[in-house]
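Here is the structure we will look at.
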Amino acid sequence: MEVYYHEVRALLALVLPSALSTYCYFAVSITELSVMGHLGVDELAAVAYAQLCLDLSTLVFMQGFNGGMNSLCSQAFGAKNYHLVGEYTLLTSLLLTVACAPMALLWWNLDRLLLTAGVAEHVAFLEDSVPLAAGELLENAQLTVLTLFAAKIGELQLGTHNAMMELFFFATSPLYAVIGGSVTRMGNHLGAGQPPYAIVAARICGVCIATLTVVNSVVIVSTRRHLGRIFSDDPAVTTAFSQVCSLAALAYTVLSFFCYALAVLQAQARPMPLALGMVAGAWLVG
Numbered sequence: 001m002e003v004y005y006h007e008v009r010a011l012l013a014l015v016l017p018s019a020l021s022t023y024c025y026f027a028v029s030i031t032e033l034s035v036m037g038h039l040g041v042d043e044l045a046a047v048a049y050a051q052l053c054l055d056l057s058t059l060v061f062m063q064g065f066n067g068g069m070n071s072l073c074s075q076a077f078g079a080k081n082y083h084l085v086g087e088y089t090l091l092t093s094l095l096l097t098v099a100c101a102p103m104a105l106l107w108w109n110l111d112r113l114l115l116t117a118g119v120a121e122h123v124a125f126l127e128d129s130v131p132l133a134a135g136e137l138l139e140n141a142q143l144t145v146l147t148l149f150a151a152k153i154g155e156l157q158l159g160t161h162n163a164m165m166e167l168f169f170f171a172t173s174p175l176y177a178v179i180g181g182s183v184t185r186m187g188n189h190l191g192a193g194q195p196p197y198a199i200v201a202a203r204i205c206g207v208c209i210a211t212l213t214v215v216n217s218v219v220i221v222s223t224r225r226h227l228g229r230i231f232s233d234d235p236a237v238t239t240a241f242s243q244v245c246s247l248a249a250l251a252y253t254v255l256s257f258f259c260y261a262l263a264v265l266q267a268q269a270r271p272m273p274l275a276l277g278m279v280a281g282a283w284l285v286g
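Numbering (UniProt numbering), first residue to last: 1 to 286.
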């Protein structure tokens, strides 16, 4: 039992600062969505288009590289191979620097690309003035497709969809922190040749993920009639937001299994099963 207590303390030391920083990260996007959304539906749609681009481009590179560095460096640190930790860190920094060039080019020309794609000129212009910072991993391609479908329905639906996604990511911030901290702990134990301790860390990770998903689901469902007012005063937006909240709560149930599998596979540095799981979860199940 003492092993579990020690592991919980070590995990909390990693999770709490990470959860706080992730909350702040998504709070910036929610604040901008809220401010622009209260100006009008067009402004909310403009932010949604900006989010569409940044979500797809940013962390397809960023979180993928950082996740790989986390698992590999954790194992190397557990094996006390500190030179290898430095090599992994420098290599990740180099790859991220190279990836920034095409992303900067994409963002610079985003308004022209949107106008070419047929987006209303006033929405494309507004988008160019709203820099956001948010993103997700490989499954974001599927979320981007859903955003495009919402855009085909109308600007109101597009804005509502992306506002709900940002709130969803904000509420999921502790899950991201638990996954990152658990990957570090499990990777350390595996690198040190202590699989039983890695199993203990995996069990604690599973309990934390299950608890957080249940709490988030209950909060979203119980406050669904009021959450839309954060982003807009338009009755159509708040009504649509209320309808989407029920689906978001259901998604958390499925997300708990995915997050647990993600943490365990990433800690073992098994990229192929992880990639296959993301494709199956995001595109087939999603």
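For glycine and all other residues, C-beta sits at the position ideal for the given N, C-alpha and C.
From a predicted model like this one, the values you see are computed outputs, not experimental measurements.
- Less than 7 Å separates the beta-carbon of G181 from that of L14.
- Residue environment for N109: exposed (fewer than 16 other C-beta atoms within 10 angstroms of its C-beta).
- Excluding sequence positions up to five before and after C205, its CB lies within less than 7 Å of the CB of V178, S182, Y260 and A263, all in the same chain and listed in chain order.
- S34 is positioned such that its CB atom lies closer than 7 Å to that of F231.
- Fewer than three Cβ pairs drawn from the segment 181-199 and the segment 236-250 lie within less than 8 Å of each other, which leaves the two stretches out of contact.
- Per the C-alpha coordinates, the member of M1, E2 and V8 positioned closest to M186 is V8.
- Taking 7 Å as the cut-off, the beta carbon of S242 is found no closer than this to the beta carbon of R229.
- Between H189 and Y197, the C-beta gap is smaller than 7 Å, which places the two residues in contact.
- F168 has its alpha-carbon roughly 21 Å from the corresponding atom of P235.
- V3 sits close to V200, with the two beta carbons spaced by under 7 Å.
- In the structure shown, Q75 falls within a helical segment according to DSSP collapsed to helix, strand and coil.
- In the structure shown, the three-state DSSP call for M1 is coil.
- Taken through DSSP and simplified to helix, strand or coil, A19 comes out as helix.
- The continuous alpha helix (DSSP H) containing N188 extends over residues S173 to G191.
- Between A163 and N216, the C-beta gap is not smaller than 7 Å, which leaves the two residues out of contact.
- A distance below 7 Å separates the beta carbons of S256 and I209.
- Judged by DSSP in its simplified three-state form, Q243 adopts helix.
- Judged by DSSP secondary structure, S217 falls within the alpha helix (DSSP H) whose first and last residues are P195 to S222.
- Boundaries of the alpha helix (DSSP H) around S93: Y82 to W108.
- One alpha carbon belongs to S222, the other to C24, and they sit about 24 Å apart.
- Cβ neighbours of P17 within its own chain (closer than 7 Å, five residues either side excluded): none.
- Rounded to the nearest angstrom, the gap between the Cα atoms of P195 and T22 is 29 Å.
- Between G191 and A267, the gap from beta carbon to beta carbon reaches 7 Å or more.
- Y82 is positioned such that its CB atom lies no closer than 7 Å to that of M69.
- In this structure, A27 is the residue among A27, A101 and M1 with its C-alpha nearest to the C-alpha of S173.
- When the Cα atoms are used, L96 and F65 turn out to be separated by approximately 7 Å.
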